[in-house]
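Beneath this line is the structure, given in structure tokens, with notes to follow.
Number of protein chains: 2
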Amino acid sequence: MPPGDRRRRRASRRFAAITVKEVAARAGVSTATVSRVLSGAGGVASGLQRRVYDAAKALNYRPNRAARNLRAGSNQIVGVLIPDIENPFFISVVCGIEEVLQTAGYSLLLANFNESPEREQVQLASLRAEGVAGLIFASSRKPAEEYKRFVDAGTPMAAVSRVIAGLNIDTVTVDNAEGARTAVSHLISLGHRRIAIINGPLSLNTARERQGGYEQAFRDAGLSVPAELVRYGDFRQAGGFHAMKTLLAEAERPTAVFTASNLMTLGALEAIHESNLEIPADIAVVGFDDMPWATSLRPPLTTVAQPATEVGRTAARMLLDRLYDPRRPQRQAVLNTRLIVRSSCGARSGGAIV
Amino acid sequence: MPPGDRRRRRASRRFAAITVKEVAARAGVSTATVSRVLSGAGGVASGLQRRVYDAAKALNYRPNRAARNLRAGSNQIVGVLIPDIENPFFISVVCGIEEVLQTAGYSLLLANFNESPEREQVQLASLRAEGVAGLIFASSRKPAEEYKRFVDAGTPMAAVSRVIAGLNIDTVTVDNAEGARTAVSHLISLGHRRIAIINGPLSLNTARERQGGYEQAFRDAGLSVPAELVRYGDFRQAGGFHAMKTLLAEAERPTAVFTASNLMTLGALEAIHESNLEIPADIAVVGFDDMPWATSLRPPLTTVAQPATEVGRTAARMLLDRLYDPRRPQRQAVLNTRLIVRSSCGARSGGAIV
DNA sequence: ATGAAAGCGCTAACAT
DNA sequence: ATGTTAGCGCTTTCAT
Numbered sequence: 326m327p328p329g330d331r332r333r334r335r336a337s338r339r340f341a342a343i344t345v346k347e348v349a350a351r352a353g354v355s356t357a358t359v360s361r362v363l364s365g366a367g368g369v370a371s372g373l374q375r376r377v378y379d380a381a382k383a384l385n386y387r388p389n390r391a392a393r394n395l396r397a398g399s400n401q402i403v404g405v406l407i408p409d410i411e412n413p414f415f416i417s418v419v420c421g422i423e424e425v426l427q428t429a430g431y432s433l434l435l436a437n438f439n440e441s442p443e444r445e446q447v448q449l450a451s452l453r454a455e456g457v458a459g460l461i462f463a464s465s466r467k468p469a470e471e472y473k474r475f476v477d478a479g480t481p482m483a484a485v486s487r488v489i490a491g492l493n494i495d496t497v498t499v500d501n502a503e504g505a506r507t508a509v510s511h512l513i514s515l516g517h518r519r520i521a522i523i524n525g526p527l528s529l530n531t532a533r534e535r536q537g538g539y540e541q542a543f544r545d546a547g548l549s550v551p552a553e554l555v556r557y558g559d560f561r562q563a564g565g566f567h568a569m570k571t572l573l574a575e576a577e578r579p580t581a582v583f584t585a586s587n588l589m590t591l592g593a594l595e596a597i598h599e600s601n602l603e604i605p606a607d608i609a610v611v612g613f614d615d616m617p618w619a620t621s622l623r624p625p626l627t628t629v630a631q632p633a634t635e636v637g638r639t640a641a642r643m644l645l646d647r648l649y650d651p652r653r654p655q656r657q658a659v660l661n662t663r664l665i666v667r668s669s670c671g672a673r674s675g676g677a678i679v
Numbered sequence: 326m327p328p329g330d331r332r333r334r335r336a337s338r339r340f341a342a343i344t345v346k347e348v349a350a351r352a353g354v355s356t357a358t359v360s361r362v363l364s365g366a367g368g369v370a371s372g373l374q375r376r377v378y379d380a381a382k383a384l385n386y387r388p389n390r391a392a393r394n395l396r397a398g399s400n401q402i403v404g405v406l407i408p409d410i411e412n413p414f415f416i417s418v419v420c421g422i423e424e425v426l427q428t429a430g431y432s433l434l435l436a437n438f439n440e441s442p443e444r445e446q447v448q449l450a451s452l453r454a455e456g457v458a459g460l461i462f463a464s465s466r467k468p469a470e471e472y473k474r475f476v477d478a479g480t481p482m483a484a485v486s487r488v489i490a491g492l493n494i495d496t497v498t499v500d501n502a503e504g505a506r507t508a509v510s511h512l513i514s515l516g517h518r519r520i521a522i523i524n525g526p527l528s529l530n531t532a533r534e535r536q537g538g539y540e541q542a543f544r545d546a547g548l549s550v551p552a553e554l555v556r557y558g559d560f561r562q563a564g565g566f567h568a569m570k571t572l573l574a575e576a577e578r579p580t581a582v583f584t585a586s587n588l589m590t591l592g593a594l595e596a597i598h599e600s601n602l603e604i605p606a607d608i609a610v611v612g613f614d615d616m617p618w619a620t621s622l623r624p625p626l627t628t629v630a631q632p633a634t635e636v637g638r639t640a641a642r643m644l645l646d647r648l649y650d651p652r653r654p655q656r657q658a659v660l661n662t663r664l665i666v667r668s669s670c671g672a673r674s675g676g677a678i679v
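Here the protein sequences line up with chains Z and U, keeping their order. Using my numbering, you'd call the opening residue of the first sequence number 326 and step up by one each time. Using my numbering, you'd call the opening residue of the second sequence number 326 and step up by one each time.
Pasting the structure below:
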């Protein structure tokens, strides 16, 4: 009777898995040889190679990851921490990350913190405990300390979209200022002057930069910024909804609004529809972030498109580079945005522009 | 000089982490005692307890997961395999899963297969190699073999939304047939007879069940099913778009369409808008799956809402139960859908119904 | 109540 | 070229 017969060992795992030992026994070689063959280290006679392969296949051998990880001191898992899993922008980013990491053999530990700094801290601690090989994240800013611990541990990291000052790591962002400036300049060129902005919290660089672009557009046109039309939400749908409500309650209503994120745009649209106002006749809208269904909105949405998937891909590539060479110099990638003119701004009456 | 001073060890990890040994040394106890204290096993004098806690805190000790996993023969990671990460329905499911698992201390290894059976197989193998403690998945149906291997390994599993026949596991689905029947009956009650359906591939139980509901509605009304108005897409936006195009090219156009998934609905809307037709005047639309922005679509969408997040939560709870007791009987949860009438079906002229 | 030591499965020195 | 063995960090007997 073969030695690999006694199988069960602990109650938790129903069946104990095959180990190198059993493969070695069956192939009539040492465990070292098995390891060498299976890791492709070379320097093994082809006859033995065959026997090892055959034995492994016959036993349906799968190396134990935990053991391998323990040995190696690292694993094949990359943590991805995002602020809001319901936000299509971050999903697209994750999509790009996944696309690149998957081909490199890495798995993706996804953590969401729902825009809550407390949960962010918890998730971060959990990711660190899990010992992820790398981390890609879009942070709020509160738990900078937790992020520093990651840096101190020497874990490769890349920040996407949102960045934290003082953290010396790779970043991938978009040119938020220029995107916002273009959007608002477009509205100004259409004759609008009372242009509101519904923005996220200024504690985030994305919101600050978009705010800067908004103001720059007025300065470029020699106009003053209508400070009473500036609103800050939380980058979520409800925030956009409420901000829009207060704008519509203004004595002198804005004639246009720049909504500085996808979910806030949707909230704002909801508020406008609820007030039975027509877009763009009563109020023009330009959003930030494109969405696959933007042409099916009421009306088709003019928006500043971010290359979300490419942001993810770029970050993943940077991370892989750093995983390979931890001491390479930090890089700061800034991708471009693109204004997609549809009909919510009033520049055209209908139909999608490709 | 304290014993925990010599830190660096291997090149890969910049700084070696603190281990039980160092904590034990600092606390002046054995590693066994440290382990006992930190795992809350009890039976340790309170004086020592304090010293261990203090030492651990002072050194900022984090147990090494890989080592713990190796010992335990399992980890704290649950694999989540979904067909399409860009599909908001699955994202909501993931959201519910995450909500429940997170509180139980599990992390979420997310894998997406983009509706490709090949990638599904690869991802499944990777998840198995990673040795996830459990698996929640929405499958296509091709690699049933790979799924069986999981079952054979004794890994707790739960299927969501899409199920594979012959797999003896927990499942969480919704009443697709009843949802579809209600939607189509509603259209019939509004006077429509030429009602098309844009469905997913019949290899999926979800599509089959929705097809059944569609046909049932006609039978209930004593009408015959308009077979020439049945289309099958791929449950994605492009599929919905093309199917709608062919429907609009029919000699006698349908007066209404039931789109059997969220992305296909968006594709269909796109096609209708491109043809400059009015909804619901020229053609009425009822979709499947609600979306946060459904009220901001052109026009507000009447749809069959699935409790997506609750599907995820339920599956996660089932998985936790099974993780705790692997031999509990299998359960099949079926959640209810709800028809949300807005204006795309023509029953009302506008505004959201709450 | 506490410590010593074995061992989870793997890989990489080190021997031969 | 191949085998022997130490040891990754942890938990858990088994002694004391």
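Cβ coordinates follow ideal geometry from the N, Cα and C atoms, glycine included.
* To do: Between the Cα of residue 659 of chain Z and those of Z/352, Z/581, Z/496, spot the shortest distance and give me the residue it belongs to.
  => Z/496
* Which residues, in order along the segment 552-565 of chain U, keep a beta-carbon less than 8 Å from a beta-carbon of chain Z? -> 562
* Count the other C-beta atoms from every protein chain shown that fall within 10 angstroms of the C-beta of residue 326 of chain U, then say buried if there are 16 or more, exposed otherwise. => Per-residue confidence for residue 326 of chain U stands at a pLDDT of 31, beneath the threshold of 50, marking its modelled position as unreliable; no derived number is given.
* Asked: With contact counted as at least three CB pairs below 8 Å, one residue from each stretch, are the segment 384-392 of chain Z and the segment 387-407 of chain U in contact?
  -> These segments touch.
* **Members of the segment 381-407 of chain U near chain Z, C-beta cut-off 9 Å** => 385, 387, 388, 389, 390, 391, 392, 393, 394, 395, 396, 397, 398, 399, 400, 401, 402, 404, 405
* To do: Mind listing the chain U neighbours of residue 624 of chain Z? Cutoff is C-beta to C-beta under 8 Å, in chain order.
  => 623
* Asked: Who are the neighbours of residue 435 of chain Z on chain U, taking C-beta pairs under 9 Å?
  -> 405, 419, 423, 432, 433, 434, 435, listed in chain order.
* Asked: What residue range is occupied by the uninterrupted beta strand (DSSP E) comprising residue 524 of chain Z?
  -> DSSP places residue 524 of chain Z inside the beta strand (DSSP E), whose first and last residues are 520-524.
* Can you list, in chain order, the residues of its chain whose CB lies under 8 Å from that of residue 678 of chain Z, leaving out five sequence neighbours each side? -> Annotation note: pLDDT 35 at residue 678 of chain Z (below 50); position unreliable, coordinate value reported separately. These residues qualify, in order along the chain: 665, 666, 667.
* With a threshold of 16 other CB atoms inside 10 Å of the CB of residue 388 of chain U, please say whether the residue is buried or exposed. => buried
* Indicate whether residue 358 of chain Z and residue 350 of chain Z have their beta-carbon atoms separated by less than 9 Å. => no
* Could you pull the start and end residues of the alpha helix (DSSP H) that residue 373 of chain U belongs to? => 371-384
* Is the beta carbon of residue 609 of chain Z sitting closer than 9 Å to the one on residue 565 of chain Z? -> no
* C-beta atoms of residue 415 of chain Z and residue 486 of chain Z nearer than 9 Å -> Their beta carbons are under 9 Å apart, which means residue 415 of chain Z touches residue 486 of chain Z by this criterion.
* **Burial state of residue 336 of chain Z (16 or more Cβ within 10 Å)** => Any reading at residue 336 of chain Z must be qualified, since the residue scores a pLDDT of 32, below 50, and its modelled position is unreliable; no value is offered.
* To do: In the DSSP assignment, find the unbroken alpha helix (DSSP H) run with residue 354 of chain U in it and report its ends.
  => Per DSSP, residue 354 of chain U belongs to no alpha helix (DSSP H) and is neither H nor E.
* Asked: Rounded to the nearest angstrom, how far is the Cβ of residue 279 of chain U from that of residue 523 of chain U, given a contact under 8 Å?
  -> Given that chain U is displayed from residue 326 to residue 679, the structure contains no residue 279 of chain U and the question cannot be resolved.
* Could you give the distance in angstroms between the alpha-carbon of residue 674 of chain Z and the alpha-carbon of residue 588 of chain U? -> With a pLDDT of 46 at residue 674 of chain Z, under the threshold of 50, the modelled position of this residue cannot be trusted, and the question is left open.
* To do: Starting from residue 641 of chain Z, trace the beta strand (DSSP E) both ways and give me its first and last residue.
  => Careful: residue 641 of chain Z lies outside any beta strand (DSSP E), inside the alpha helix (DSSP H) at 633-649.
* How close, in whole Å, do the beta carbons of residue 585 of chain Z and residue 543 of chain Z come, if the pair is a contact with beta carbons under 8 Å? -> Rounded, the Cβ-Cβ distance is 15 Å, inconsistent with contact.
* Flag this pair as yes or no: are the beta carbons of residue 512 of chain U and residue 583 of chain U separated by less than 9 Å? => yes
* By the criterion of Cβ-Cβ separation under 7 Å, what are the contact partners of residue 451 of chain Z in chain U? -> Against residue 451 of chain Z, the close residues of chain U are 432, in the order they occur along the chain (beta-carbon pairs closer than 7 Å).
* Residues in its own chain within less than 6 Å of residue 641 of chain U by CB, not counting five upstream and five downstream? -> 422, 425, 426
* To do: Flag this pair as yes or no: are the beta carbons of residue 362 of chain Z and residue 378 of chain Z separated by less than 9 Å?
  => yes
* With DSSP run on the structure shown, which of helix, strand or coil describes residue 339 of chain U? -> Its pLDDT being 47, under 50, residue 339 of chain U is placed unreliably in this model, and the value from its coordinates should be taken loosely. In the structure shown, residue 339 of chain U sits in coil (DSSP, three-state: anything other than H, G, I, E or B).
* Asked: Mind checking if residue 677 of chain U is an interface residue toward chain Z, Cβ cutoff 9 Å exclusive?
  -> Because residue 677 of chain U sits at a pLDDT of 37, beneath the cut-off of 50, its placement in the model cannot be relied upon, and the following sentence gives the value as read from the coordinates. Yes, its Cβ sits closer than 9 Å to a Cβ of chain Z.
* To do: Go ahead and pull the three-state DSSP assignment for residue 368 of chain U.
  => coil
* What residues are listed by DSSP as bridge partners for residue 459 of chain U? -> U/403
* Cβ distance (whole Å) where residue 563 of chain Z is taken to contact residue 537 of chain Z below 8 Å -> 25 Å between Cβ atoms; not a contact.
* What do you get for residue 661 of chain Z, buried or exposed, if any count of 16 or more other CB atoms within 10 angstroms of its CB means buried? -> exposed
* Asked: Does the beta carbon of residue 278 of chain Z sit closer than 9 Å to a beta carbon anywhere in chain U?
  -> In the structure displayed, chain Z extends from 326 to 679; residue 278 of chain Z sits before or after that span and is not available.
* **Contact with chain Z by residue 356 of chain U, beta-carbon distance below 9 Å** => no
* Asked: Quick one: what's got a C-beta closer than 6 Å to residue 676 of chain U's C-beta in the same chain, skipping five residues either side?
  -> Residue placement at residue 676 of chain U is flagged as unreliable, the pLDDT there being 37, under the threshold of 50; the coordinate-derived value follows with that caveat. Excluding residues within five positions, none has a Cβ falling inside 6 Å.
* Asked: Hey, is residue 547 of chain U's beta-carbon within less than 9 Å of any beta-carbon in chain Z?
  -> no
* To do: Write down every uninterrupted run of the alpha helix (DSSP H) in the segment 489-567 of chain U whose length is 4 residues or greater and which is fully enclosed by it, in chain order.
  => 501-514, 530-545
* Asked: If you measure from the beta carbon of residue 595 of chain U to each beta carbon in chain Z, is any gap under 9 Å?
  -> yes
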